[in-house]
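To keep things clear, I will list the structure first and then write my remarks on it.
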Ligand code: ZN
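In this note's numbering, the protein residues as written are 6 to 161.
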């Protein structure tokens, strides 16, 4: 069968940034499984998988707008170190604010903490190498839950 809305798709992938830097890969793990049409994977990759079948391989280039978004300058912020109270703040640290946004500490300098709240892959053009390993119809439960059950998926 071909991939369409509510297909459960399993695929292996390698992701790099176009300059040869490996960002992520499913090699050595189970194939990644997702419910097609549910927005679980980046939009630019999901649209390219539409109509593909088991055994298909492809290279997909995804621009930031259809990947993890453009860099948002308003998410580059500077906060006085006192705001962190007793907490030790160091470059490379990550923490979550109550709105579930993840911030990375870029630098601590002159009593200021420089923070980046962008996704680590914001502004990056994504280069995927993908091999579709399985396509099946989703069960009614999977469609109701909006995610895949079983190997490569979630369990609830
Ligand atoms: Zn579930």
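Ideal placement from N, C-alpha and C gives every residue a C-beta, glycine not left out.
Note that this is a predicted model, so its numbers are computed, not measured.
Environment of residue i [buried if 16+ CB atoms lie within 10 Å]
i           : result
residue 52  : exposed
residue 62  : exposed
residue 15  : buried
residue 152 : buried
residue 105 : exposed
residue 131 : buried
residue 27  : exposed
DSSP bridge partner residues for residue i (one or two, in chain order)
i           : result
residue 9   : BP columns for residue 9 are empty, so no partner.
residue 54  : In the DSSP output, where bridge partners are listed per residue, residue 54 has none listed.
residue 39  : 14
residue 100 : 108
residue 63  : 135
residue 85  : 117
When the options are compared against residue i, the one with the closest alpha-carbon
i           : options              : result
residue 46  : 122, 74 and 34       : 74
residue 72  : 55, 60, 49 and 57    : 49
residue 66  : 59, 135 and 143      : 135
residue 57  : 26, 104, 30 and 141  : 141
residue 127 : 77, 25, 13 and 30    : 77
residue 55  : 148, 116, 12 and 19  : 12
residue 87  : 114, 124, 42 and 32  : 114
residue 33  : 70, 19 and 91        : 19
residue 64  : 35, 22 and 90        : 22
residue 6   : 150, 112, 43 and 137 : 137
Check whether the stretch 117-137 touches the stretch 74-89, taking contact to mean three or more Cβ pairs, one atom from each stretch, closer than 8 Å. Touching, yes.
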